[in-house]
Every structure is written in structure tokens, then in C-alpha cells.
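What follows is a set of notes on a single structure, which appears directly below.
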Amino acid sequence: MLIAQSQLDFFKSEDARHQLLNAAHQDAPSPVRGHSYEIDLDVYDKVIVAFSGGKDSVACLLHLLERGVDRSKIELHHHLVDGEDFDDKEGLMDWPCTDDYCRKVAMAFGLRYSTSFRVGGFEAELDRNEQPTAPVSIPYEVGGERLLIGGAGKPNTRLKFPQLSSNLAQRWCSSAVKISVMDAWLRNDPQFLTGKTLVVTGERAEESKARSTYPAFEAHRADNRTGPRVVRFIDHWRPVHQWSEQQVWEIIERFSLVAHPSYYLGWSRASCLPCIFGNKDQWATIRFIAPEKFKRIALKEQGTGLTINRKSSITEMADKGVPYPASADPYWTKVGFSKKFDIPIFAENWVLPAGAYGEGCGPT
């Protein structure tokens with residue numbers, strides 16, 4: 002593998018892209034082994050990939066394609082962590098490019114793409130003061146409008162950032178703007194009342210002690226296959242759970258897929274741009290390439306009276322850190338901070354991003 006140094010001659014031609022897609026469907030073995038028993042992917046009518054745009058969710062998708070799963074069954078589903086998009090407003094947490102990057106990956110492989118979000122996103126939940134948790138918007142329309150789920154609960158107050166913990170009640174960002182959002186969709190969209198659905202997510206055991214205990218295959222939380230009135234058959238598969246990071250990058254290289262821009266700027270994970278698990282170098286990098294976003298978060302931190310990291314404010318952490326060298330690349334900075342991902346998805350001469358195999362700075 003090559004480390005990215007230049008973006009010249011980086012992108013793959015259209016003909017090469019079609020050859021790559023065709024090759025991915027040849028000699029695909031089935032059923033798939035990943036557990037003490039076989040998973041027959043052919044029995045599912047719908048395969049929903051929880052798609053953040055990060056390397057692990059990308060690896061999940063590419064693995065499905067290599068196993069020959071019918072693309073008409075696959076849907077990439079992305080959670081908008083900042084809520085609904087407005088052209089004149091930049092969200093507090095996400096990379097501006099992420100939504101369109103995910104959409105362009107789906108388009109490149111001829112897949113359906115959908116989104117869900119908690120109204121107001123991360124920032125509205127952070128600022129919640131004697132208010133109920135905002136409703137969830139799911140990609141199911143009634144009368145031409147997306148359906149809103151919830152929003153009429155008991156008023157309560159948040160006013161503090163998620164804490165650095167594996168406990169989702171404390172690290173509320175994962176539960177409030179991702180996990181519960183997916184559950185709301187699965188439980189309220191009528192399409193999941195018929196047939197069998199497989200939800201695919203990209204947690205890996207290598208990432209943390211807590212994630213190492215996750216089962217690779219189980220009934221999803223939203224499953225209700227034995228329900229007396231409402232029946233939903235939903236399984237949950239973590240196909241890359243036992244993969245190493247090397248295996249993840251190898252499958253991305255096999256497809257010559259351009260990774261999320263954050264990796265080319267030095268990040269080892271494509272989660273939120275200012276992830277709460279960021280170390281001192283990551284906060285220094287955020288202050289360097291996204292000073293206004295850094296300032297907004299610093300002011301929020303001061304306003305809550307509780308720092309994200311118990312020992313230091315993000316300003317104190319940034320003062321001790323050094324920006325990632327790759328973050329000085331103006332090309333990837335421009336791509337990462339654009340709401341439109343207008344570069345090709347496939348690379349002519351694929352190179353390993355600068356952030357690969359870096360410090361995880363992720364959930365415990």
C-alpha cells in the first residue's frame with residue numbers, strides 16, 4: 002500500500018469503474034461463514050447498512066458486494082448527526098462533506114440511499130433546557146412529508162456534552178443521534194413489517210474492550226418476530242467484527258474506493274469532525290483547519306460549565322497538541338469542507354490515507 006502524498010492521477014476512469022463493479026460479483030461464495038453457524042444472506046429481502054462513511058461501514062458494504070448480495074436489496078442508511086441540512090448553516094459536529102460522500106458511494110454502486118435524524122441534531126440535544134427530546138425524522142412519508150417520531154416526552158435538561166464513557170446513557174451522542182434514530186425508523190416504517198431484514202453495522206472487536214464483547218450476529222433490538230399483533234423480522238450482523246484494520250483497508254484498496262476525506266487529512270476515524278474522544282493533536286488540528294467550529298464548541302463547553310474531557314478544556318488540549326501534518330493539504334481540506342462531494346469515488350492509483358493506522362481516539 003502507498004501513503005498518500007499527491008492527488009495527481011488519483012482517480013479511476015469510468016470504464017475501469019464498471020470493470021471493477023462487474024468483477025465484484027463474479028464467483029461470489031454463499032452462504033457466508035462468520036459464526037458457529039452459517040448465515041444465508043439470500044433469505045433476506047432487505048439489507049440495511051448503517052453507513053457513516055467511515056472505513057468500517059465502507060468495508061461492510063464492500064464485503065456484501067464481494068459475497069454477491071443482490072444490490073437491489075441493499076440500502077445505505079445515514080444518520081445526519083447535525084439534523085436537517087440548511088444551505089446557509091454549518092452544523093456543529095459533522096464534516097460538511099459526509100452526507101454527500103455517502104450519497105455518492107451509494108450512487109457509484111447503484112444502491113438506494115436514505116437518511117434519518119433527530120430534529121435539530123446534536124446541538125439541539127446539547128442545548129435542551131426543560132424541553133422534551135426532539136422527534137426523529139425518518140425516511141417514510143405521509144402526505145408528502147417525512148414522518149416525525151416522538152417529541153412529546155417529559156421535559157428535561159441536558160446542557161452538557163457527552164462524556165467519555167462506554168455507557169451510552171453518559172455518552173449520549175451515540176444513543177441520541179444514531180442508535181435510537183435507527184430504531185425509530187425500523188419500528189415505524191411499514192416496509193419492515195413484511196419479509197426479513199438484515200441490519201449491518203461496522204463495529205470491530207479491535208476498537209475497544211466493550212466492542213469486543215458485541216455478538217457478531219443477533220436479533221436486532223427492533224425485532225419483533227414473535228409479536229402477537231405487529232411482526233418485524235430484523236437480524237443484526239456485524240460482518241467485520243473480527244477484522245483487523247489492515248483487512249479493512251485491504252478491501253477498500255481492492256475496490257480502489259476513495260475514502261472519506263477525513264482520513265486524507267490525518268484522522269484515523271471518520272466520525273464527527275470534533276469527536277468527543279479527540280486527543281490533544283486532534284483538537285489542535287480542528288483549531289487549525291476549522292477555527293470557527295472550534296470556537297463554537299469551546300464557547301459551548303464554557304457555557305455548560307463542564308469540559309468534555311474531565312481534565313482539560315478543548316482549548317487547553319489544543320494548546321498541548323500539534324496539528325496533523327496531513328491537515329495542511331489544501332486539496333483535501335477543500336473537499337472535506339464542501340457540502341458537495343464532486344470528485345470521483347474511485348481512484349486510478351489508490352493510495353493509503355495518511356490517517357490510516359493512526360491513534361484511534363474512539364469509543365472505549
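With the working numbering, the residue at position 318 of the sequence shown is 319, and numbering never jumps. Where is the CB? At the ideal position from N, CA and C, for every residue including glycine. This structure is a prediction, so every number in the text was calculated from the model and none was measured.
Just tell me which of the options has its CA closest to the CA of residue i.
i	options	result
Gly304	Ser313, Leu160, Arg72	Leu160
Ile235	Phe256, Lys197, Ala217	Lys197
Gln243	Val44, Phe52, Asp57	Asp57
Met80	Arg129, Pro331, Ala185, Glu317	Met is not the amino acid found at residue 80; the sequence shown has His there. Of the candidates Arg129, Pro331, Ala185, Glu317, the one whose C-alpha sits nearest the C-alpha of His80 is Ala185.
Asp282	Val178, Pro163, Gly359, Lys210	Gly359
Pro216	Gly228, Thr227, Val201, Pro229	Val201
Pro369	Gly122, Trp284, Arg205, Ile139	Residue coverage of the chain in this structure runs from 2 to 365, which leaves residue 369 outside it and unanswerable.
Ser167	Thr308, Tyr332, Val50, Ser213	Ser213
Val182	Asp101, Glu146, Lys210, Gly122	Gly122
Ala51	Arg311, Asp100, Leu148	Asp100
Tell me, to the nearest whole angstrom, how far the beta carbon of residue i is from that of residue j; I am working on the premise that it is less than 8 Å.
i	j	result
Leu77	Val106	7 Å
Arg270	Ala223	Wrong, their Cβ atoms sit about 26 Å apart, outside the cutoff.
Gly54	His261	5 Å
Leu199	Trp238	6 Å
Asp190	Tyr141	4 Å
Ser115	Val137	With a Cβ gap of about 13 Å, Ser115 and Val137 do not count as contacting.
Pro331	Cys61	Incorrect: roughly 32 Å between the Cβ atoms, too far for contact.
Within a Cβ cutoff of 6 Å, which residues of the same chain sit near residue i, ignoring the five residues on either side of it in sequence?
i	result
Ala109	Ile346
Gly356	Tyr264, Gly267, Trp268, Ser269
Glu124	Leu93
Ser175	Leu169
Glu15	Any answer about Glu15 is weak, because its pLDDT of 45 lies below 50 and its placement is not dependable; what the coordinates show is given next. Taken in chain order, the list of residues that qualify is empty.
Lys179	His80
Pro163	Arg172, Trp173, Cys174, Ile277
Arg129	Arg159
Gly203	Asp57, Ser58, Cys61, Val241
Tell me which same chain residues have a C-beta within less than 7 Å of the C-beta of residue i, skipping the five on either side of it?
i	result
Asp95	Val82, Asp83, Cys273, Leu274
Ser245	Glu207
Thr316	Ala299
Ser339	Pro97, Cys98
Arg104	Tyr114
Please go through the same chain and pick out, in chain order, the residues whose beta-carbon is closer than 8 Å to the beta-carbon of residue i, but skip the five residues on each side of it.
i	result
Val231	Leu194, Asn225
Ser328	Leu266, Gly267, Thr286, Phe289, Ile290, Thr334
Pro156	Glu131, Gln132, Pro133
Arg113	Ile75, Glu76, Leu77, Ala107
Arg34	With a pLDDT of only 42 at Arg34, under the threshold of 50, the placement of this residue in the model should not be trusted; the figure read from the coordinates follows. Counting only Cβ-Cβ distances below 8 Å, and skipping sequence neighbours, we find Ile40.
Lys47	Lys74, Glu76, Gln192, Phe193, Gly196, Lys197, Thr198, Leu199
Gln27	At Gln27, the pLDDT of 44 sits below 50, so the modelled position is not reliable; the number obtained from the coordinates is stated separately. None.
Asn280	Met318, Gly322, Glu360, Cys362
Taking only runs that begin and end inside the segment 52-124, name each unbroken beta strand (DSSP E) of 3 or more residues, in chain order. 75-80, 113-119
Can you check the segment 121-176 for any alpha helix (DSSP H) of at least 4 residues that lies completely inside it and give the ranges in chain order? 122-127
Beta strand (DSSP E) segments (min. 3 residues) lying fully within the segment 185-249: 197-201, 218-220, 234-238
Enumerate, from N- to C-terminal direction, the unbroken alpha helix (DSSP H) stretches of 4 or more residues contained entirely within the segment 263-343. 281-290, 292-305, 315-321, 331-337
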